[in-house]
Every structure is written in C-alpha cells, then in structure tokens.
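Residue numbers (UniProt numbering), protein chains in the order written: chain A, 1 to 386; chain B, 1 to 386.
Written out below as structure tokens is the structure these notes cover.
2 protein chains.
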Amino acid sequence: MSAFDLKSLDECLEKHLPAAELKEVKRILYGVEEDLTLELPAAATATAEQHGFEIKGYRFKAQKEQLRKSRLVRVGAIQNSIALPTDAPIEQQREGIWQKVKAMIKAAAEAGCNIVCTQEAWTMPFAFCTREKFPWCEFAEEAETGATTKMLSELAQAYNMVIIHSILERDAAHGDTIWNTAVVISNNGRFMGKHRKNHIPRVGDFNESTYYLEGNTGHPVFETEFGKLAINICYGRHHPQNWMMFGVNGAEIVFNPSATIGRLSEPLWSIEARNAAIANSYFTVPINRVGTEQFPNEYTSGDGRPAHKDFGPFYGSTYVAAPDGSRTPSLSRCNDGLLVTELDLNLCRQVKDFWGFRQTQRLPLYAESLQKATQPDFKPQVIREQ
Amino acid sequence: MSAFDLKSLDECLEKHLPAAELKEVKRILYGVEEDLTLELPAAATATAEQHGFEIKGYRFKAQKEQLRKSRLVRVGAIQNSIALPTDAPIEQQREGIWQKVKAMIKAAAEAGCNIVCTQEAWTMPFAFCTREKFPWCEFAEEAETGATTKMLSELAQAYNMVIIHSILERDAAHGDTIWNTAVVISNNGRFMGKHRKNHIPRVGDFNESTYYLEGNTGHPVFETEFGKLAINICYGRHHPQNWMMFGVNGAEIVFNPSATIGRLSEPLWSIEARNAAIANSYFTVPINRVGTEQFPNEYTSGDGRPAHKDFGPFYGSTYVAAPDGSRTPSLSRCNDGLLVTELDLNLCRQVKDFWGFRQTQRLPLYAESLQKATQPDFKPQVIREQ
C-alpha cells in the first residue's frame with residue numbers, strides 16, 4: 001500500500017473497527033462522544049457534486065448560558081489542488097484556480113458559512129521549492145488592492161461572508177518587497193487588514209526564506225461580525241508561542257492556511273493545531289492543499305535524492321479542533337474539499353472557566369524568563385551534581 | 001462497552017486493522033515507519049511476570065554522526081495503582097506502594113535502564129479531591145532528606161541509575177509549607193535537586209490549589225551522566241510555555257509525572273506531551289497512574305453529581321514521544337506497568353538541524369510581546385473594520 005492508497009484515516013477506522021470499539025477509539029483519539037455530523041443544504045452538496053469536490057459538515061455545541069445567547073458561526077475551510085500546469089501563463093493559472101475556488105466559496109455560502117478561509121498561497125503553485133524568482137514572483141499581489149483581493153471582496157459582499165485568503169504579497173510602497181500574507185476581507189467586502197507569516201521555514205523543499213522574511217505585523221486579531229479571528233500561517237503552527245500570542249490578543253478562531261507534504265509533517269499535522277486549540281481555549285482550522293505539483297525545471301531537495309520536478313503530494317487533511325480538545329474528522333488526503341463546521345463561540349469562554357488554562361498561564365513568569373533568555377550573557381538554569 | 005473495556009487503543013487497532021492499513025495508520029497517527037520494539041532481557045520480563053505488571057520495550061534511533069558517538073540511554077517510566085485501602089495507616093500505605101514500585105525499579109535495572117521516573121505523588125493516593133488536610137498532608141516528606149528519597153538513593157546507587165520521583169513535599173525550613181515536587185537523585189545516589197510544579201489546576205476533582213501554590217523553582221535542567229533532564233509536573237503539560245522554558249534551558253528529556261482521569265483529559269493526553277516533543281526537539285515521557293481510589297469520606301465533584309467516595313479511574317497510557325514527532329504505543333489504560341524506551345539523545349540536535357524550530361523561534365519577539373501583555377494597561381492588538 002502506497003501512502004496515497006489510504007485516502008482517509010477516518011474512513012479506514014470506520015470501515016474496520018466494530019461499532020463499540022470505534023466509539024471508544026473516537027473518544028480517545030478525537031475527544032468526541034457524540035456524532036458531530038452537520039446536515040448540509042441540498043444546494044451546497046449539489047454544487048460540490050457538480051464541481052467534483054468533497055463537502056463535509058460538522059458541528060461543535062456549547063452549553064446554553066443564561067446571560068449570553070449562543071454565538072453560532074459557520075466556518076468554511078477550502079483545500080484544493082492547482083488547476084493548470086505550472087508552465088501555463090501566470091494569468092491563466094491564477095484564473096483556473098479562481099474558478100475552482102469560486103465554486104467552493106459558492107457552496108460555502110449555500111451551506112450558510114459566515115467565514116471562509118483558503119489554503120496558503122492559494123492563487124499559485126507552491127513554487128518556492130525551485131528557488132526561481134521568475135516567474136513565480138509574478139504571482140505576488142498587493143494585499144490591499146490586488147486582483148484577487150478585489151475579486152474576493154465582491155464575493156464577500158455578495159455572500160455576506162468574511163473571507164480570509166493567504167497570498168504571496170507584493171508591497172510596492174516598501175521597496176517592492178515580497179511577503180507571505182493573509183488578508184482579511186469583512187462581510188461588507190472591505191479590506192480589514194493583513195497579517196504576515198511570523199515564522200519562515202528552512203526545511204526540505206520549503207525554500208521560502210529565499211523569497212521573504214519573518215513577518216512584521218505582530219499577532220493581530222480581527223474583530224469581525226462573526227467573532228474574533230486570527231491567522232497563523234503554515235510553519236507558524238510549529239511554534240506554540242505564536243499560537244499563544246493570538247490567544248493573548250483575544251482570538252476565538254485561528255486559521256492555519258498551510259502547504260505541507262507527507263512524510264515531512266503528516267504525523268505532526270493532527271497534533272499541533274489541536275494542541276493550540278487546547279492550550280489557548282479557541283478553535284483552530286488547519287488547512288492544507290492537495291495534489292502533486294510539477295515544475296518546468298528540475299530542482300534538488302537537499303536530501304540526497306536526484307534532481308526532480310515534482311513537489312508533493314500535499315496531503316490535505318483539513319480539520320477543525322475545538323477548545324475542549326475535540327476535533328472533526330479530516331477532509332481527504334487527496335481531493336479538493338470544503339469543510340463546513342458550525343461553532344458556538346461561547347465554548348471558548350466556557351472551556352476557559354472549566355480548565356482554567358488562561359487563568360493559570362503565569363505570563364509574568366514567562367515574560368521575565370524570556371527576557372533573561374534573550375540576553376547575550378544568558379546562562380541556562382542547569383543543575384549539576386555537587 | 002464501558003470506557004475501561006478498551007484496555008489499550010493500540011491493541012484495538014492492531015487487532016482489527018489489516019496489516020497494510022495498520023502500517024499507514026501508525027505512520028499517520030504515530031509517525032512510526034518501522035517496528036520500534038526493543039527486546040527486553042529475560043530477567044526483566046520474569047520480574048514483571050512475577051510481580052504482575054506489564055512491561056514493554058521500544059527504541060528510537062538516530063542517524064550515525066561522524067564527530068559524536070551515539071548517546072544511547074534507556075528510560076524507565078512507571079505507572080501504578082496504590083497498594084492498600086486509603087484508610088490503612090499512612091506508613092503501611094506508603095510501604096505497600098514502595099514494595100510495588102521497588103519491584104518495578106528492579107525490573108528497570110534488569111532492562112538496562114539508566115533513568116527511571118515515577119508518576120506524580122507516587123507514595124500516596126491522589127487524595128487532593130477530598131480537600132481534607134488530615135491525614136493526607138502526613139504523606140508529605142522533605143525532598144532532600146525524606147524517607148522515600150533516602151530509600152530511592154540506595155536503589156539509585158545500587159543500580160547506577162538516575163531516579164526521578166514526584167512527591168508531596170514538606171519544606172520545614174520555610175514554614176512547614178507544602179509543595180508538589182519532583183526530586184532528582186543522581187546515579188551515585190546523591191540528591192541533585194528538586195523542581196516544584198509550576199502550574200496548579202483548579203478543575204474538577206483536582207483541588208490541589210487548596211494544598212500548595214505555584215512552584216518557585218523556575219525551569220531547572222538537571223545535567224546527569226545520562227543526559228539533560230527536566231520535569232514538567234502534571235498540569236504543567238497544558239502550558240506550552242512551561243515546556244518551552246525547559247527547552248530553552250537545554251533539556252533533552254522532559255518527564256511529565258501525572259495523575260489524571262478519563263473523560264476530563266484523555267483526549268488531550270496523546271496531544272500535549274507529543275506537541276512539546278515536537279516544538280522543543282526533545283523527548284517527552286508522560287506518565288499517569290492507574291486504578292480507582294476509594295476515600296473514607298464522601299466528597300463532591302462540582303459537576304452536579306451526588307457526593308461519592310471514589311476518584312478515577314486514572315487511565316495510565318504512559319508513553320514516550322520523540323523530537324521527530326514519532327511516539328511509542330501506550331502502556332495499558334488499567335494495569336501497573338513499566339515502559340522501557342531506548343533513546344539516542346543525538347536525535348535532539350539532529351531534529352533541530354532538520355526542522356529548525358529552535359532557530360526560528362524568535363524569542364526576542366515573544367519576550368517583548370509578553371512584557372507588553374503583562375502590563376496593567378495592555379491593549380490587545382485588535383483590528384476592526386474602518
């Protein structure tokens with residue numbers, strides 16, 4: 001069995017485990033004690049069928065409170081492959097992906113989504129493996145005024161939906177610099193702001209550090225009509241302190257648009273965003289692309305293998321984790337898909353009251369410890385035998 | 001099926017999944033591509049059989065380097081139930097647990113372990129649910145000179161083994177205060193130092209905050225003959241920043257002696273210590289007790305249920321996670337057990353070089369962010385629609 005014969009971990013467990021064991025396994029693995037399935041409107045499933053992408057719906061409930069109403073929001077997470085070969089003209093490549101994803105945003109609207117988020121660098125192949133600046137930097141757009149932000153602003157307004165999209169950014173006003181950036185568009189179709197990827201990988205084929213630097217936008221939380229949102233872009237999910245600062249700034253949902261491949265990171269995928277949801281009492285939405293991308297010129301991977309032209313497969317497996325440690329099943333490992341999840345944002349504060357992780361965080365201790373740890377003459381706290 | 005019919009998640013998967021699927025599921029769930037089984041000496045398995053506890057062995061390998069020799073160490077992790085009813089005389093209760101655990105330490109020595117760690121508050125029932133100070137505070141001992149430290153010091157010297165044990169501490173020199181403390185004894189049988197639990201729960205039956213306060217010992221790393229060790233006690237595993245500081249101080253193995261129960265934390269158990277291993281490029285060893293403990297007087301759980309006398313079941317499931325994100329299977333959810341794991345400590349730096357998480361950590365950013373976040377006039381970084 002090759003890695004991609006297994007289309008879905010969840011379907012494999014459901015197929016083989018007897019019902020009673022499956023229930024226990026799901027409780028232990030996923031923190032799920034009841035069926036999370038959310039029935040989706042026929043229009044949404046019809047759109048998914050027509051365009052050939054997977055659609056799944058789940059819901060997380062919270063307790064009823066006396067003084068606060070339920071704050072139900074529906075979140076759409078989109079994973080997809082690119083549309084055209086990577087040597088097609090840039091505009092056609094982008095247009096091909098736009099068409100794919102527009103259908104998925106339409107289905108999200110039909111499914112009642114209030115917020116949608118794309119995968120990382122969604123308008124382009126993840127070409128940073130090549131270290132070629134041309135033509136890939138041509139995919140970069142102004143976050144505020146670029147063609148993709150404009151196109152999505154219309155959809156956001158039409159569908160009354162917050163849209164978060166993750167692109168390669170060109171900042172003309174600051175020396176034509178390139179950034180890895182997420183843009184937040186309000187449900188009125190207005191540009192709300194942007195966040196730049198805080199942690200940049202230097203691993204495997206992720207040669208991103210040769211294209212852009214560490215983000216300079218801090219840890220912004222976007223207060224939208226549908227909750228307080230933040231974006232932790234891709235490799236930033238490996239850094240608990242990055243997740244923590246979005247929590248400190250009040251996030252209720254943190255999206256993690258990503259592009260990551262099999263053996264490199266798949267065993268980490270189900271751990272990190274879920275740990276962040278637990279540690280920070282918020283929802284997390286890790287999103288990964290699918291498919292294998294072929295590039296015009298061969299490149300090497302720094303792992304002893306011969307030069308090659310393919311990058312991937314990206315293993316998809318988009319899911320949502322809740323602050324109580326439970327999580328949805330994943331989208332497939334290989335197909336385009338839309339994950340629709342209904343959240344009651346009240347769960348965040350309820351879990352804070354229950355577990356008390358924020359209350360017991362001792363931030364002053366860590367502010368002081370990190371302050372010391374970053375001094376040039378820092379001496380680690382090491383105890384040796386006397 | 002009740003929660004405890006499923007004795008082991010791993011055995012359940014192994015029983016029901018076809019071989020090819022099982023291999024893929026283990027790769028995705030556990031990051032394991034080859035069999036980790038470590039063959040154990042007959043003497044160790046005989047001792048385990050004689051005393052009726054589970055024993056399992058696993059190994060994590062690292063790449064061979066040219067300039068550093070492999071640094072193989074064997075770690076023993078002990079999970080156990082108490083030995084006598086909780087209304088037996090204190091000394092007999094303690095002696096009963098000592099006898100149990102001494103046999104397990106003997107088996108650890110026979111299995112070639114260099115380091116052994118107990119579960120949290122190992123000499124006593126986890127009686128803090130009751131909020132009764134008497135007689136439970138009588139279990140507290142001086143970390144440096146208490147009877148249990150003395151007893152273990154002899155074993156440490158006899159077996160040439162570092163022993164870490166987690167106890168209720170009585171600090172007579174500082175006002176007879178009570179702490180939740182881990183003690184490190186060198187393989188020469190000498191007291192090396194202690195660490196006090198940094199984060200204290202206020203959740204469910206974990207009424208520990210009525211017994212002791214947040215630890216005042218920082219994040220010490222113990223430089224032993226068998227590697228740099230640290231201890232993150234129980235509830236501290238929910239706090240990524242706690243794990244991080246042990247990493248900043250250079251830990252290669254961080255033990256997590258715990259006492260935690262089913263529905264409360266089991267879905268978090270497999271996530272948090274493993275996430276810490278990944279984020280900090282070190283090994284983690286989460287250890288949990290087993291069994292249900294009955295107390296003389298009834299108490300309430302703050303969850304609407306009637307008063308009762310039982311606490312638990314503690315679900316065991318002790319495991320080891322490696323810096324590359326892989327992990328061992330768990331010990332059982334209900335039996336006493338010794339988990340023997342051979343580690344090559346060289347893997348820590350190899351993973352740092354590969355993934356670069358430490359390199360890309362941006363600690364100065366977080367030192368500054370936390371400094372600001374802990375000021376009384378802190379304003380979170382929130383962006384609203386203009």
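We put the CB at the ideal spot given by N, CA and C, even for glycine.
Considering A:Cys12, what are the terminal residues of the alpha helix (DSSP H) in which it resides?
Your numbering for residue 12 of chain A matches position 12 in the first sequence. Residues Leu9 to His16.
_Quick check on B:Gly31 - is its C-beta less than 9 Å from some C-beta in chain A?_
Within the second sequence, numbered from 1, the residue matching residue 31 of chain B stands at position 31. The beta-carbon of B:Gly31 is placed less than 9 Å from the nearest beta-carbon of chain A.
7 Å Cβ cut-off: residues of chain A touching B:Gln371:
Start at 1 with the first residue of the second sequence, and residue 371 of chain B comes out as number 371. Result: Ala367 and Gln371.
Using a cut-off of 9 Å between C-beta atoms, extract the partners of A:Pro220 located in chain B. Residue mapping note: residue 220 of chain A aligns to position 220 of the first sequence, counting from 1. Chain-ordered, the chain B residues with CB closer than 9 Å to the CB of A:Pro220 read Gln381, Val382 and Ile383.
**Under 8 Å by beta carbon: chain A residues contacting B:Cys12** = The count along the second sequence starts at 1 and reaches residue 12 of chain B at position 12. In chain order: Leu17, Glu21, Glu24 and Val25.
query: Nearest CA to the CA of A:Pro240: which residue from B:Asp5, B:Cys348, B:Ile105 and B:Tyr366?
result: Locating residue 240 of chain A in the first sequence gives position 240, where the first residue counts as 1. Closest option to A:Pro240, judged by alpha-carbon separation, among B:Asp5, B:Cys348, B:Ile105 and B:Tyr366: B:Tyr366.
Could you pull out every residue in the same chain whose Cβ sits closer than 8 Å to the Cβ of A:Asp10, ignoring the five residues on either side in sequence?
-> On the first sequence, position 10 is the one that residue 10 of chain A refers to. Around A:Asp10: Pro329 and Ser330.
Exercise. Closer than 8 Å by beta-carbon distance: list the chain B residues that pair up with A:Phe354, in chain order.
Key: Looking up residue 354 of chain A in the first sequence gives position 354. By Cβ distance, chain B contributes Val203.
### Query
How would you list, in chain order, the residues of chain A whose beta-carbon sits under 9 Å from the beta-carbon of B:Leu155?
Residue numbering aside, residue 155 of chain B sits at position 155 when the second sequence is read from its first letter. Result: empty, since nearest Cβ-Cβ is about 17 Å, beyond 9 Å.
Is A:Phe191 buried or exposed, if buried means 16 or more other CB atoms sit within 10 Å of its CB?
-> In the first sequence, residue 191 of chain A corresponds to position 191, counting from 1. Sixteen is the threshold: when 16 or more other Cβ atoms of the shown chains lie within 10 Å of the Cβ of A:Phe191, as they do, the residue is buried.
- prompt: For B:Asn187, which of B:Ser332, B:Thr224 and B:Glu141 has the nearest alpha-carbon?
  reply: Locating residue 187 of chain B in the second sequence gives position 187, counting from the first residue. The alpha carbon of B:Asn187 has as its nearest neighbour, out of B:Ser332, B:Thr224 and B:Glu141, the alpha carbon of B:Thr224.
> Is the beta carbon of residue 387 of chain A sitting closer than 9 Å to the one on A:Arg68?
Replying inline: Since the first and last residues shown for chain A are 1 and 386, residue 387 of chain A lies out of range.
Which residues, in chain order, does the region 252-285 of chain A contribute to contact with chain B at a C-beta distance below 7 Å? Of all residues in the region 252-285 of chain A, the ones placed with a Cβ closer than 7 Å to any Cβ belonging to chain B are Glu266, Pro267, Leu268, Ile271, Glu272, Arg274, Asn275, Ile278 and Ala279, in chain order.
How close, in whole Å, do the beta carbons of B:Gly227 and B:Ile253 come, if the pair is a contact with beta carbons under 8 Å? Within the second sequence, residue 227 of chain B is the residue found at index 227, counting from 1. Within the second sequence, residue 253 of chain B is the residue found at index 253, counting from 1. B:Gly227 to B:Ile253, Cβ: 6 Å. Contact.
Inset, instruction - Have a look at B:Glu21 and A:Ser265 and give me their C-alpha separation to the nearest angstrom. - result: Stepping through the second sequence from its first residue, residue 21 of chain B is reached at position 21. Stepping through the first sequence from its first residue, residue 265 of chain A is reached at position 265. Rounded to the nearest angstrom, the two C-alpha atoms are 19 Å apart.
Practice prompt. Thinking A:Thr37 and A:Gly57 are a contact (beta carbons under 8 Å), I'd like their distance in whole angstroms, please.
Written response: As a position in the first sequence, residue 37 of chain A is number 37, starting the count at 1. As a position in the first sequence, residue 57 of chain A is number 57, starting the count at 1. About 7 Å separates the two Cβ atoms, so the contact holds.
* Residue of A:Gln359, A:Asn346 and A:Arg358 minimising C-alpha distance to A:Leu72 -> Taking the first sequence and counting its residues from 1, the one referred to as residue 72 of chain A is at position 72. Closest by alpha carbon: A:Asn346.
Rounded to whole angstroms, what's the CA-CA distance from B:Gly302 to B:Asp5? Just pull it up for me.
-> Translated into the one-based positions of the second sequence, residue 302 of chain B becomes position 302. Translated into the one-based positions of the second sequence, residue 5 of chain B becomes position 5. So the two alpha carbons sit approximately 27 Å from each other.
- Pick from A:Asn297, A:Ser209 and A:Cys113: whose alpha carbon is nearest that of A:Phe134? Taking the first residue of the first sequence as position 1, residue 134 of chain A is located at position 134. When only C-alpha atoms are compared, the closest one is A:Asn297.
Note to self: On the CB-based measure, 16 or more other CB atoms within 10 Å of its CB, does A:Lys379 come out buried or exposed?
What the structure shows: Mapped onto the first sequence, residue 379 of chain A falls at position 379. Exposed.
ask   = So, is the C-beta of B:Leu343 closer than 9 Å to a C-beta in chain A?
value = Here residue 343 of chain B refers to the residue found at position 343 when the second sequence is read from its first residue. No, because no Cβ of chain A sits closer than 9 Å to the Cβ of B:Leu343.
Original post:
Looking at A:Glu208 and A:Phe311, is the spacing between their C-beta atoms short of 9 Å?
Top reply: In the first sequence, counting from the first residue as 1, residue 311 of chain A sits at position 311. In the first sequence, counting from the first residue as 1, residue 208 of chain A sits at position 208. The Cβ-Cβ distance between A:Phe311 and A:Glu208 does not fall below 9 Å.
Could you check the C-alpha separation between B:Gln359 and B:Lys352 for me, to the nearest Å? Position 359 of the second sequence, counting from 1, holds the residue named residue 359 of chain B. Position 352 of the second sequence, counting from 1, holds the residue named residue 352 of chain B. Each residue's Cα considered, the two are about 8 Å apart.
Contact set between the region 179-212 of chain A and chain B, restricted to residues whose Cβ is under 8 Å from the partner: Hits within the stretch, in order: Val184, Ser186, Asn188, Arg190, Met192, Gly193, Asn198, His199, Ile200, Pro201, Arg202 and Val203.
- Message: Can you check whether the C-beta of A:Ser326 is within less than 9 Å of a C-beta belonging to chain B?
- Response: Translated into the one-based positions of the first sequence, residue 326 of chain A becomes position 326. Under the Cβ criterion of 9 Å, A:Ser326 is counted among the residues facing chain B.
Reducing DSSP to helix, strand and coil, say where A:Trp122 ends up. The sequence position of residue 122 of chain A within the first sequence is 122, counting from 1. Here A:Trp122 sits in coil by DSSP.
Can you pull the DSSP bridge partners for A:Val184?
Here the question's residue 184 of chain A lines up with position 184 in the first sequence. Beta bridge pairing from DSSP links A:Val184 with A:Ile164 and A:Gly193.
Q. Can you give, in chain order, each stretch of the alpha helix (DSSP H) that sits fully within the region 293-317 of chain B and has at least 4 residues?
A. The region 293-317 of chain B contains no complete alpha helix (DSSP H) run of 4 or more residues.
Exercise. Using alpha carbons as the reference points, say which of B:Arg327, B:Asn288 and B:Ser258 lies closest to A:Leu268.
Key: Counted from its first residue, the first sequence places residue 268 of chain A at position 268. Of the candidates B:Arg327, B:Asn288 and B:Ser258, the one whose C-alpha sits nearest the C-alpha of A:Leu268 is B:Arg327.
A:Leu152: contacting residues in chain B (beta-carbon distance under 7 Å) = Within the first sequence, residue 152 of chain A is the residue found at index 152, counting from 1. The premise fails here: A:Leu152 is roughly 15 Å from chain B at the closest Cβ pair, so nothing lies under 7 Å.
For A:Ile138 versus A:Glu169, is the C-beta spacing smaller than 9 Å? Counting from 1 along the first sequence, the entry for residue 138 of chain A is found at position 138. Counting from 1 along the first sequence, the entry for residue 169 of chain A is found at position 169. Note on residue identity: the sequence assigns Glu, not Ile, to residue 138 of chain A. The answer is no: Cβ separation not under 9 Å.
Per-residue burial, B:Ala43 [other beta carbons within 10 Å of its own, 16 or more giving buried]: Start at 1 with the first residue of the second sequence, and residue 43 of chain B comes out as number 43. Exposed, because fewer than 16 other Cβ atoms sit within 10 Å of the Cβ of B:Ala43.
| query | Would B:Arg362 pass as a contact of A:Asn198 if the rule is Cβ separation under 9 Å? | reply | On the second sequence, residue 362 of chain B is found 362 positions in, with the first residue counted as 1. On the first sequence, residue 198 of chain A is found 198 positions in, with the first residue counted as 1. Closer than 9 Å, so yes.
Start and end of the beta strand (DSSP E) containing B:Leu22? Locating residue 22 of chain B in the second sequence gives position 22, counting from the first residue. In this chain, B:Leu22 is not harboured by any beta strand (DSSP E); it is covered by the alpha helix (DSSP H) spanning Ala19 to Tyr30.
When the cut-off is 9 Å and only beta carbons count, does B:Asn114 lie next to chain A? Stepping through the second sequence from its first residue, residue 114 of chain B is reached at position 114. By this cut-off, B:Asn114 is not an interface position.
(message) Give me the DSSP bridge partner(s) of B:Asn288.
(response) Numbered from its first residue, the second sequence carries residue 288 of chain B at position 288. B:Ser258, per the DSSP bridge assignment.
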